[in-house]
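Just so you know, the sequence shown maps onto residues 1 to 287 in the UniProt record's numbering. We put the CB at the ideal spot given by N, CA and C, even for glycine.
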Amino acid sequence: MIQSMTAFARAEHASAQGTLSWEIRSVNHRYLEPHLRLPENFRDLEGAVREALRQGLSRGKVECTLRFTEEGSSKPLQVDGERARQLIAAAEQVASLMASPAPLDPFAVLAWPGVLGGDSSDPQALNAQALTLFGEALEQLRNGRSREGAELARLIGERLDAMSTEVAQLREQVPQMLALQRQKIIDRCAEMALDVDSPRLEQELVLLAQKSDVAEELDRLNTHVSEVRRVLKSGGAAGRRLDFLMQELNREANTLGSKAFDPRSTQAAVNLKVLIEQMREQVQNIE
């Protein structure tokens with residue numbers, strides 16, 4: 001199944017120790033680029049979170065934010081006196097080396113990790129809960145990317161159908177356009193009193209037909225359209241391959257436009273380029 005790179009997920013878990021919540025946002029990017037925002041007490045999770053992202057996603061800029069609200073309504077604050085004294089002594093030692101040190105702020109001491117806390121909590125248990133919760137949020141994100149990927153595949157499929165119709169109509173019209181162009185040249189020669197039966201004129205008409213022959217471009221367009229359908233059906237990380245196919249489709253449409261000799265073939269080339277550009281914009285969001 002095709003996956004989009006754009007999605008959002010949020011998962012929350014409340015326990016006796018507090019409330020954990022994960023928010024994951026992903027947008028399109030050439031590679032997998034994770035950005036993690038973790039509270040200081042959860043920094044140990046960074047490696048596991050990055051590995052989970054690497055296993056679960058292939059591409060996208062992914063922002064992961066963890067928030068933890070400690071349950072403290074009925075829990076008295078506790079100050080680690082020994083740690084505070086050590087911190088103050090260290091600060092005073094540094095201050096003695098300075099000419100005019102600023103007074104020590106008690107709130108700065110309280111903000112130091114390990115000085116102020118509530119009841120003792122199990123950091124390993126919290127980390128385990130946070131990692132499990134991240135797995136749930138990541139699964140939500142993958143489901144969201146799958147839903148949007150299915151919609152992108154549908155939109156691209158509609159444009160592929162329109163391209164196939166455009167190519168089939170142009171293929172049917174080419175013989176008529178060539179005959180009309182040939183007749184215009186013959187009529188023009190007759191107006192100028194030129195010998196319309198000369199071998200030279202026949203050679204020129206043959207060359208015109210060869211230069212105006214777009215059968216090869218139409219065949220390649222159909223081949224690329226079929227390949228895009230196959231890739232969409234196969235699913236997986238197909239964004240880069242689809243982007244390459246859009247370039248190839250655009251190349252054939254450009255060649256078709258350069259060989260245009262009739263307003264109908266010119267319009268067909270323009271219509272194809274519009275459809276390809278619409279698909280290319282959608283492909284940029286595919287993983």
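For residue i, count neighbouring C-beta atoms within 10 Å of its own C-beta (all shown protein chains included) and say buried if the count is 16 or more, exposed if not.
i: S73; result: Any reading at S73 must be qualified, since the residue scores a pLDDT of 48, below 50, and its modelled position is unreliable; no value is offered.
i: A268; result: buried
i: G47; result: exposed
i: L141; result: buried
i: I88; result: exposed
i: L272; result: buried
i: M98; result: exposed
i: A7; result: buried
i: L110; result: exposed
i: V94; result: exposed
i: V174; result: buried
i: A108; result: exposed
i: E166; result: buried
i: A168; result: exposed
Near residue i, which residues of its chain fall below 6 Å by C-beta distance, leaving aside the five closest residues on each side in sequence?
i: T255; result: E217
i: E12; result: S21
i: M177; result: D262
i: E70; result: G18
i: G235; result: M1 and I2
For residue i, which residues of its own chain have a beta-carbon under 8 Å away from its beta-carbon, when the five flanking residues on both sides are left out?
i: R30; result: R59
i: L53; result: L32, P34, V62, C64 and L138
i: V231; result: A238, R241, L242 and L245
i: E92; result: L104
Leaving out five residues before and five after residue i in sequence, what residues of the same chain have Cβ atoms less than 7 Å from its Cβ?
i: I276; result: M246, L249, N250 and A253
i: V79; result: V115 and L116
i: M279; result: I156, R159 and M246
i: L170; result: L218, S265 and A268
i: A153; result: I2 and L232
i: A260; result: T266 and A269
i: P113; result: E40
i: A84; result: V109 and V115
i: E23; result: R10 and T65
i: L131; result: L45 and A48
Since residue i contacts residue j with CB under 8 Å, what's their CB separation in whole angstroms?
i: Q160; j: R229; result: Note on identity: in this sequence residue 160 is Leu, with Gln being the wrong assignment. Rounded, the Cβ-Cβ distance is 6 Å, consistent with contact.
i: G18; j: F68; result: 6 Å
i: residue 293; j: S4; result: Here the chain has residues from 1 to 287 only, and residue 293 is not among them.
i: M163; j: V214; result: Contact flag wrong, Cβ pair sits at about 15 Å.
i: L36; j: V49; result: 6 Å
i: L66; j: L38; result: 5 Å
According to DSSP, residue i sits in a beta bridge with which residue or residues?
i: T19; result: A14 and T69
i: H35; result: E63
i: I276; result: Answer is none; I276 lacks a bridge partner.
i: F8; result: R25
i: G236; result: I2
i: V79; result: L116
Q | Segment contact flag, the stretch 121 to 131 with the stretch 36 to 56, C-beta cutoff 8 Å, min 3 pairs | A | yes
Q.
I want to know whether the stretch 280 to 287 touches the stretch 143 to 163 - three or more CB-CB distances under 8 Å.
A. The way I'd put it, the stretch 280 to 287 does touch the stretch 143 to 163; three or more beta-carbon pairs between them come closer than 8 Å.
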